[in-house]
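Novice: Before I ask anything, here is the structure I am working with.
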Amino acid sequence: MRENIRQLTPYSTARDDYKGGDISVWLDANESPYDNGVNRYPDPHQKQLKALLSQIKGLPPEQIFVGNGSDEAIDLCFRIFCEPRIDNAVAIAPSYGMYSVAAHINHVELREVPLGPAFSLPTASLLAACDEHTRLMWVCSPNNPTGNAFSTDELEALADRFSGMLVVDEAYADFSAKGSLLGVLHRHPNLIVLQTLSKAWGMAGLRLGLAFASTEVAEVLARVKYPYNVNAPTQQEVMRRLRQEPHHEHVAETISERERLAALLPSLPCVLHVYPSDANFFLVKVTDADRVYDYLVQHGIIVRNRNRVLQCEGCLRFTIGTPAENDRLLHTLASCQ
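Under our numbering, the first residue of the sequence shown carries the number 53, and numbering increases by one thereafter.
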């Protein structure tokens, strides 16, 4: 941890100091006293939301960090553990682009290590890229954009061998049969697991990201974040949806559609290869990525062009949509000559 972070006195409010009691007049925060539903500051500790997440995830609230999307936790990891211009981080490549963006914003060198054959985890190369100033290692599993997940045994072994903080981004883990590292978090004090409510839970518009770590690391994340990083309406809406959304049904249908697309896409003339996926998207090699991309756009379908990404040359990334949307994608690709 950076020394200035270790010595940081976090911003506190009067509501952090009082220990309960029948408070009915709030004159501490210079808020408007006129009740309109949002005139009071939100709970900076998200206590009710963390209690509900604790039931769902099976971890105590003290090990849960709630942020404004996973991007907030990604940025905080660089700010907490990496001294600008001195320390560095290591990441697999290709992977989620925000690791590189956050590294540059924080003036931290990011050493990108290419994936192994068949997009395998390059454990030896990742460790070889480290030196005495390597503080973070980033692994996305299932990985974006390749779609494949790494085994929990591989990731645990990496945590054991790496002396810094290993951050495993599980944004797409709900769609994978390879499981999550949440159940082994207690064995690895240098492990941070990122998850999100944007994908399987369908709350991308609410921007709610989660980080799970040891009590000590979670406390530091909470100490460094801005006090009111998640607004009150978002906290309330997320809790409502966590209790009511048909989460498992949507995940099951997405996985079913993934299997259907995996069987049908290879038969299309413009498709050269469909890479196996543990996520809610496919990386697909096509005859001419730029031309196929433009053709889809002309027909009202937007996908992700990964043609200029290392190891993804000639590829597009297709998110798995509803059955009707997937049918339209298949029909449009079939007419692309």
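Just so you know, even glycine gets a beta-carbon here, dropped at the ideal spot from N, CA and C. Keep in mind it's a predicted model, so treat the numbers as computed, not measured.
#1: In whole angstroms, what separates the C-alpha of P318 from that of H325?
#2: Under 8 angstroms Cβ to Cβ from L237, same chain only, skipping five residues before and after it: list those, please.
#3: Leaving out the 5 sequence neighbours to the left and right, which residues in its chain are closer than 6 angstroms to E161 when beta-carbon positions are compared?
#4: Candidates S250, L234, E222 and V349: which alpha carbon is nearest K109's?
#5: Output yes or no for whether 8 angstroms exceeds the beta carbon distance between G261 and G121.
#6: Sort out for me which residues DSSP pairs L246 with in a bridge.
#7: Report yes if the C-beta distance between V142 and L178 is below 8 angstroms; otherwise report no.
#8: Tell me the rounded alpha-carbon separation between I75 and A81.
#9: Grab the span of the beta strand (DSSP E) containing V191 for me, first residue to last.
#10: So which of N56, L273 and T374 has the shortest CA-CA distance to S308?
#11: Nearest CA to the CA of H351: which residue from L105, T175 and L381?
#12: My assumption, with CB atoms under 8 angstroms, is that L188 sits in contact with V219. Please give the rounded CB distance.
#13: Can you give me the C-alpha to C-alpha distance between E55 and I132, rounded to a whole angstrom?
#14: Nearest to S228 by alpha carbon, out of E206, V77 and G199?
#15: Just to confirm, is the Cβ distance from A398 to V165 under 8 angstroms?
#16: Rounded to whole angstroms, what's the CA-CA distance from R73 to R67? Just pull it up for me.
#17: Just the Cα atoms here: how many angstroms apart are G89 and A225?
#18: State the beta-bridge partners of E161 as determined by DSSP.
#19: Give a yes or no on whether the C-beta atoms belonging to T175 and G216 are separated by under 8 angstroms.
#20: What would DSSP say about L320, mapped onto helix, strand or coil?
#21: Got a sec? Which residues, its chain only, sit under 6 angstroms from C134 by beta carbon, not counting five neighbours each side?
#22: Between V118 and A252, what straight-line distance do the alpha-carbon atoms span, to the nearest angstrom?
#23: Distance check for T371 and N332, CA to CA, integer angstroms please.
#24: Considering only the alpha carbon of each residue, which of A209, I157, Y151 and V323 lies closest to R137?
#25: Less than 8 angstroms separating the beta-carbons of N281 and E83?
#26: Beta-carbon of L249 versus every beta-carbon of chain D: anything under 8 angstroms?
#27: Pair every Cβ in the segment 91-106 with every Cβ in the segment 289-308, then say whether three or more of these pairs are closer than 8 angstroms.
#28: Shortest alpha-carbon distance to Q100 belongs to which of P146, C367, V290 and A386?
#29: With burial defined as no fewer than 16 other Cβ atoms inside 10 Å of the residue's Cβ, what is the status of L298: buried or exposed?
#30: Just grab the DSSP bridge partners of A145 for me.
#31: Look at the alpha carbon of P96 and the alpha carbon of E271, and state the distance between them as a whole number of angstroms.
#32: Where does the unbroken alpha helix (DSSP H) through G121 begin, and where does it stop?
#33: Would you call D183 buried or exposed, if buried means 16 or more other Cβ atoms sit within 10 Å of its Cβ?
#34: Would N196 and F171 be called neighbours here (beta carbons separated by less than 8 angstroms)?
#35: Using the Cβ count rule (16 or more neighbours within 10 Å means buried), how would you classify L207?
Specialist: From the atom records:
#1: Translated into the one-based positions of the sequence shown, residue 318 becomes position 266. Translated into the one-based positions of the sequence shown, residue 325 becomes position 273. Rounded to the nearest angstrom, the two C-alpha atoms are 6 angstroms apart.
#2: What you label residue 237 is simply residue 185 of the sequence shown in a count that begins at 1. Around L237: L111, Q115, L243, V245, F264, A265 and S266.
#3: By one-based count along the sequence shown, residue 161 stands at place 109. Within the same chain, E161 has close Cβ partners N140.
#4: One-based indexing of the sequence shown puts residue 109 at position 57. Answer by Cα proximity: L234.
#5: As a position in the sequence shown, residue 261 is number 209, starting the count at 1. As a position in the sequence shown, residue 121 is number 69, starting the count at 1. For G261 and G121, yes; Cβs fall inside 8 angstroms.
#6: As a working note, residue 246 is residue 194 in the sequence shown. Paired residues: D221 and A263.
#7: In the sequence shown, the residue the question calls residue 142 occupies position 90. In the sequence shown, the residue the question calls residue 178 occupies position 126. Going by C-beta atoms, V142 is nearer than 8 angstroms to L178.
#8: Along the sequence shown, read from residue 1 onward, the residue named residue 75 stands at position 23. Along the sequence shown, read from residue 1 onward, the residue named residue 81 stands at position 29. In a straight line, the C-alpha of I75 is about 14 angstroms away from that of A81.
#9: Residue 191 sits at position 139 when you count from the first residue of the sequence shown. Start and end: T186 to C192.
#10: Here residue 308 corresponds to residue number 256 of the sequence shown, with the count starting at 1. Answer by Cα proximity: T374.
#11: Counting from one through the sequence shown, the residue named residue 351 turns up at place 299. The residue with the shortest Cα to Cα distance from H351 is L381.
#12: Numbered from 1 along the sequence shown, position 136 holds the residue referred to as residue 188. Numbered from 1 along the sequence shown, position 167 holds the residue referred to as residue 219. Between V219 and L188 the Cβ distance is about 6 angstroms, and since that is below 8 angstroms, they are a contact.
#13: Indexing the sequence shown from 1 puts residue 55 at position 3. Indexing the sequence shown from 1 puts residue 132 at position 80. Between E55 and I132, the C-alpha separation is close to 9 angstroms.
#14: For this step, residue 228 is matched to residue 176 along the sequence shown. Per the Cα distances, G199.
#15: Since the first and last residues shown for the chain are 53 and 389, residue 398 lies out of range.
#16: Position 21 of the sequence shown, counted from the start, is the residue given in the question as residue 73. Position 15 of the sequence shown, counted from the start, is the residue given in the question as residue 67. The question names Arg, yet the displayed sequence has Gly at residue 73. About 11 angstroms.
#17: To locate residue 89, count along the sequence shown from 1; it is residue 37. To locate residue 225, count along the sequence shown from 1; it is residue 173. Near 35 angstroms, if we compare the C-alpha coordinates of A225 and G89.
#18: Start at 1 with the first residue of the sequence shown, and residue 161 comes out as number 109. E161 is bridged to N140.
#19: For the purposes of this step, residue 175 is taken as the residue at position 123 of the sequence shown. For the purposes of this step, residue 216 is taken as the residue at position 164 of the sequence shown. No, they are not a contact pair.
#20: The residue given as residue 320 occupies position 268 in the sequence shown. The answer is coil: DSSP assigns L320 none of H, G, I, E or B.
#21: As a first step, residue 134 must be located in the sequence shown, where it is residue number 82. Within the same chain, C134 has close Cβ partners V160 and R187.
#22: For the purposes of this step, residue 118 is taken as the residue at position 66 of the sequence shown. For the purposes of this step, residue 252 is taken as the residue at position 200 of the sequence shown. Distance between the alpha carbons of V118 and A252: 17 angstroms.
#23: Your numbering for residue 332 matches position 280 in the sequence shown. Your numbering for residue 371 matches position 319 in the sequence shown. Distance between the alpha carbons of N332 and T371: 6 angstroms.
#24: Counted from its first residue, the sequence shown places residue 137 at position 85. Closest by alpha carbon: I157.
#25: For the purposes of this step, residue 281 is taken as the residue at position 229 of the sequence shown. For the purposes of this step, residue 83 is taken as the residue at position 31 of the sequence shown. It is not a contact, given that the beta carbons lie outside the stated cut-off.
#26: The question asks about chain D, but that chain is absent: this structure has only one protein chain.
#27: yes
#28: Reading the sequence shown from its first residue, position 48 is the one you call residue 100. For the residues P146, C367, V290 and A386, the minimum Cα distance to Q100 belongs to V290.
#29: As a working note, residue 298 is residue 246 in the sequence shown. The sequence given here places Pro at residue 298; Leu does not occur at that position. Per the 10 Å Cβ criterion, exposed.
#30: On the sequence shown, residue 145 is found 93 positions in, with the first residue counted as 1. DSSP output for A145 lists P166 as bridge partner(s).
#31: Numbered from 1 along the sequence shown, position 44 holds the residue referred to as residue 96. Numbered from 1 along the sequence shown, position 219 holds the residue referred to as residue 271. In a straight line, the C-alpha of P96 is about 13 angstroms away from that of E271.
#32: By one-based count along the sequence shown, residue 121 stands at place 69. Start and end: G121 to F133.
#33: Along the sequence shown, read from residue 1 onward, the residue named residue 183 stands at position 131. The residue in question, D183, is exposed, as its Cβ has fewer than 16 Cβ neighbours within 10 Å.
#34: Translated into positions along the sequence shown, residue 196 becomes position 144. Translated into positions along the sequence shown, residue 171 becomes position 119. No; because the gap between Cβ atoms is not below 8 angstroms, this pair is not in contact.
#35: Within the sequence shown, numbered from 1, the residue matching residue 207 stands at position 155. Classification of L207: buried, given that the 10 Å Cβ count is 16 or more.
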